[in-house]
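Chains as they are written, first to last, in the working numbering: chain Z, 128 to 562; chain W, 128 to 562.
Below, the structure written as structure tokens:
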């Protein structure tokens with residue numbers, strides 16, 4: 128090998144090594160085909176623009192206008208240090224039903240969390256300004272902020288843009304709105320559904336931002352879903368709270384809980400389908416099924432954009448003492464750094480799954496555990512399965528989407544949770560670069 | 128630059144990058160001066176040898192002989208999938224006081240966990256053999272195994288070595304025993320104390336293995352502490368259980384819980400100091416203080432050998448609703464991947480500490496939180512402190528030993544927990560190398 132060849136070889140090695148320890152521009156788990164085209168929802172319009180809250184080269188604020196008569200439901204982070212916007216939204220949702228129109232204004236680049244009384248003040252200023260310009264009572268104006276924590280929100284920059292946002296409202300601008308609220312997301316996340324209730328067409332459109340339960344500077348999960356279904360507020364809230372448990376509350380990237388997590392659903396009632404007033408009617412069940420599909424898709428997309436993720440992992444727990452117990456076991460496995468690193472290393476380390484069950488604190492009997500990787504029976508009766516061949520496990524772990532199933536064998540409880548692996552890129556994103 | 132210079136430069140860059148992403152041979156946090164010389168404890172002898180359980184080039188089995196009349200206490204993993212040895216030790220400790228001598232036999236290289244009924248059989252075979260050779264009743268023979276999970280323990284290899292171990296017992300061989308039970312540890316961990324009770328000299332000697340709550344293949348924490356103090360078994364167990372809460376139960380590397388964690392204390396009563404029969408006597412309080420020092424040292428050494436650790440982090444929680452609540456908050460912070468990666472990146476990201484408090488689920492009031500990094504007041508009254516300068520925080524984070532203090536401002540509860548940072552080396556150890 129001459130000097131030039133040697134230099135070329137060394138440069139190639141360096142490039143490979145650097146790429147291995149760099150954060151990818153777009154998650155390798157991003158859905159193919161990009162952002163799903165969302166259906167137009169009657170009574171809903173979107174706008175986005177750049178206010179320069181922190182980013183200067185992109186949209187960072189978005190507005191959703193929802194027609195008079197809309198029902199609004201929401202679920203929020205359980206953090207005891209939740210942000211000013213979250214507290215304000217929760218307070219307003221407690222006011223219950225109203226026929227007034229609704230506005231939702233969200234910024235990225237600053238989370239307005241842990242900003243003391245300044246935080247409340249910023250929320251009030253923004254809500255009052257939206258109220259004045261749009262002619263919507265301020266108790267029907269909801270906000271969210273996502274980005275760096277502990278810095279004062281420059282709310283004047285946002286307020287200056289409300290006129291423009293209001294002027295540019297458009298029923299086709301959902302994707303722009305979805306992009307405006309991204310922070311460390313590597314792709315915009317959308318999901319929609321067009322279906323019929325009693326033969327009349329209805330639509331659901333939703334988008335989410337989030338790169339795990341937590342991202343640098345706590346810029347975490349926000350989700351907005353709109354529909355033209357007519358539905359009572361209390362029924363919508365009941366449905367949302369229940370579906371949330373099995374979707375957004377069943378995902379984890381790194382076990383950390385944001386101060387800003389917000390999920391809101393607005394139903395305008397502008398479709399011609401008859402009003403849902405009971406969560407157990409046939410129409411309601413149909414709506415629940417489709418809303419669930421949208422929420423499953425969005426929540427899985429958040430996991431697929433988990434910081435540094437290279438594997439999407441579905442964890443199915445069966446035979447637990449209760450559903451709640453199953454979920455605790457599932458999250459114990461999903462949050463285990465040792466299981467997540469094994470997935471990253473494509474190591475069929477079923478012993479770590481046994482450990483995850485054991486550490487959950489939930490009822491379990493070592494000798495009744497059964498574990499599958501995909502369809503491969505790995506362990507049963509308290510020991511490795513006689514039919515298990517390590518080569519099969521090794522081959523299975525090469526898949527991008529993994530499924531671990533654990534049957535505890537002691538009851539009827541079940542749960543499914545979704546997570547991703549823990550890789551060098553997670554460390555790169557959270558430790559190597561200063562915030 | 129000529130070709131040779133260019134090649135040299137590229138090779139240097141490659142070497143730097145490779146070193147950055149390799150596991151260190153010895154933790155940078157290892158105590159200077161190596162393994163502390165332990166005092167000789169009357170009534171205790173140790174031996175170690177190589178049985179080839181898995182490793183072939185080192186000692187992997189050790190024996191401790193404790194004189195007749197010894198009191199034995201123990202605490203063990205709470206995992207519901209705990210190993211056969213742990214279950215056997217727990218059962219035997221419930222038998223209470225006895226005047227028979229005691230033997231403790233421990234192997235590394237195989238954890239004998241999740242091995243079904245074979246596991247119980249191996250433990251029984253080993254205990255019976257030790258009992259026969261040493262003339263000790265088998266209910267006073269305790270075992271532990273640490274290493275790979277789910278593989279049958281080749282107990283015959285261990286049993287073959289018991290004669291030799293018994294012959295070689297020596298009061299000066301504690302360090303050999305400490306080394307024989309290491310798995311992924313990068314240094315042996317010992318701590319001892321020589322002091323007086325009512326003017327009469329007594330000794331404590333202890334050693335531990337563990338590279339975090341969990342290591343590859345669940346080869347986790349084992350701790351053995353011996354003393355010549357005379358003390359009733361029930362008093363020793365009470366003291367141990369209490370001290371354990373503030374030492375080994377207050378450390379975390381990665382939030383994962385082992386199937387094998389065992390901590391045993393044996394008191395031979397061979398010193399001339401009078402017997403402790405009450406946990407609140409002056410002698411007991413003196414003994415508690417010294418035993419606590421040994422346990423603090425050993426538990427901190429485990430954290431300092433945490434997989435990939437480059438920072439030792441003490442988290443002090445004050446002003447919580449209760450001590451238990453304070454500990455939950457402390458562990459929520461200590462287990463947060465985002466806080467651990469911030470420490471690795473030397474980022475004074477106090478917002479992530481706020482997040483950690485918020486996610487703990489414990490009572491907290493955002494506007495009453497006070498946070499210090501070392502002596503630097505970082506945040507108070509729900510916002511960054513007016514006196515805080517980012518440059519000070521940046522300089523502080525360069526330290527190897529970090530201290531984060533959080534005053535919740537709502538009660539009198541307090542707790543201290545110890546952890547380490549989360550680095551590329553953790554990923555290297557747990558994902559890059561196949562087990």
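Backbone N, C-alpha and C define an ideal beta-carbon position, used for all residues, glycine too.
Per-residue DSSP class, three states only, for residue i
| i | result |
| --- | --- |
| residue 243/Z | helix |
| residue 530/Z | strand |
| residue 220/Z | helix |
| residue 168/Z | coil |
| residue 524/Z | coil |
| residue 485/Z | helix |
| residue 470/W | helix |
| residue 441/Z | strand |
| residue 175/Z | strand |
| residue 250/W | helix |
| residue 351/Z | strand |
| residue 286/W | helix |
| residue 414/W | helix |
| residue 214/W | helix |
| residue 343/W | In this predicted model, residue 343/W has a pLDDT of only 32, less than 50, meaning its place in the structure is not dependable enough to derive any value. |
| residue 557/W | helix |
| residue 258/W | helix |
| residue 380/W | coil |
| residue 435/Z | coil |
Extent of the continuous beta strand (DSSP E) to which residue i belongs
| i | result |
| --- | --- |
| residue 569/Z | Lying before the first or after the last residue shown, residue 569/Z is absent from chain Z, which here runs from 128 to 562. |
| residue 302/Z | No beta strand (DSSP E) contains residue 302/Z, which is instead part of the alpha helix (DSSP H) from 301-307. |
| residue 405/Z | Where residue 405/Z is concerned, there is no enclosing beta strand (DSSP E), given that its DSSP letter is neither H nor E. |
| residue 565/W | Lying outside 128 to 562, the shown extent of chain W, residue 565/W is not represented and no answer is given. |
| residue 268/W | 268-275 |
| residue 313/Z | Here residue 313/Z belongs to no beta strand (DSSP E), and DSSP marks it neither H nor E. |
| residue 504/W | 503-507 |
| residue 263/Z | Counting along the chain, residue 263/Z falls outside any beta strand (DSSP E), and DSSP gives it neither H nor E. |
| residue 392/Z | 389-394 |
| residue 150/W | From DSSP, residue 150/W is part of no beta strand (DSSP E); its letter is neither H nor E. |
| residue 537/Z | Segment: none, residue 537/Z is in no beta strand (DSSP E) and carries neither H nor E. |
| residue 497/Z | 497-500 |
Same chain, Cβ closer than 7 Å to residue i, five either side skipped, listed in chain order
| i | result |
| --- | --- |
| residue 367/W | 200, 202 and 392 |
| residue 446/W | 534, 535, 536, 537 and 538 |
| residue 423/W | 374 |
| residue 321/Z | 166, 328 and 330 |
Neighbourhood of residue i by C-beta, 6 Å cutoff - its chain only, sequence neighbours within 5 removed
| i | result |
| --- | --- |
| residue 469/W | 476 and 479 |
| residue 175/W | 186, 189, 303, 304 and 307 |
| residue 357/W | 396 and 402 |
| residue 236/W | 180, 181, 182, 187 and 274 |
Alpha helix (DSSP H) segment containing residue i, residue limits
| i | result |
| --- | --- |
| residue 369/W | 360-373 |
| residue 292/Z | 289-294 |
| residue 553/W | 551-554 |
| residue 137/W | 130-147 |
| residue 452/Z | 450-461 |
Own chain partners of residue i with C-beta closer than 8 Å, once the 5 adjacent residues on each side are dropped
| i | result |
| --- | --- |
| residue 139/W | none |
| residue 494/Z | 508 and 509 |
| residue 525/W | 473 |
Three Cβ pairs or more, each shorter than 8 Å: is that satisfied between the segment 223-240 of chain Z and the segment 259-276 of chain Z? yes
Any residues in the segment 539-556 of chain W with a beta carbon nearer than 9 Å to a beta carbon of chain Z? Which ones, in chain order? 548, 549, 550, 551, 553, 554, 555 and 556
Counting Cβ pairs closer than 8 Å, one from the segment 273-290 of chain W and one from the segment 244-259 of chain W, do we hit at least three? yes
Going along the segment 483-504 of chain Z in order, which residues come within less than 9 Å of chain W, judged by CB to CB distance? 483, 484, 485, 486, 487, 488, 489, 490, 491, 492, 493, 494 and 496
Mind listing which residues of the segment 266-281 of chain Z have their C-beta closer than 7 Å to chain W's C-betas, in chain order? 276 and 277
Examine the Cβ distances between the segment 296-306 of chain Z and the segment 164-184 of chain Z and report whether three or more of them are shorter than 8 Å. yes
The segment 374-381 of chain Z in contact with the segment 543-552 of chain Z per 3-pair CB rule at 8 Å: yes
Contact the segment 448-461 of chain Z vs the segment 406-413 of chain Z: 3+ CB pairs below 8 Å: no
In the segment 508-523 of chain W, which residues sit with their C-beta less than 8 Å from some C-beta in chain Z, listed in chain order? 508, 509, 510 and 511
Taking contact to mean at least 3 C-beta pairs separated by less than 8 Å, is the segment 426-442 of chain W in contact with the segment 149-160 of chain W? Here the segment 426-442 of chain W makes contact with the segment 149-160 of chain W; the two share three or more CB pairs at distances below 8 Å.
Along the segment 466-479 of chain W, where does the CB come closer than 9 Å to a CB of chain Z? Name the residues. 466, 467, 468, 469, 470, 471, 472, 473, 474, 476, 477, 478 and 479
Residues in the segment 212-246 of chain W with C-beta within 9 Å of chain Z's C-beta atoms, listed in sequence order? 238, 240, 241, 242, 243, 244, 245 and 246
Positions along the segment 163-184 of chain W whose CB lies within less than 9 Å of some CB in chain Z: none
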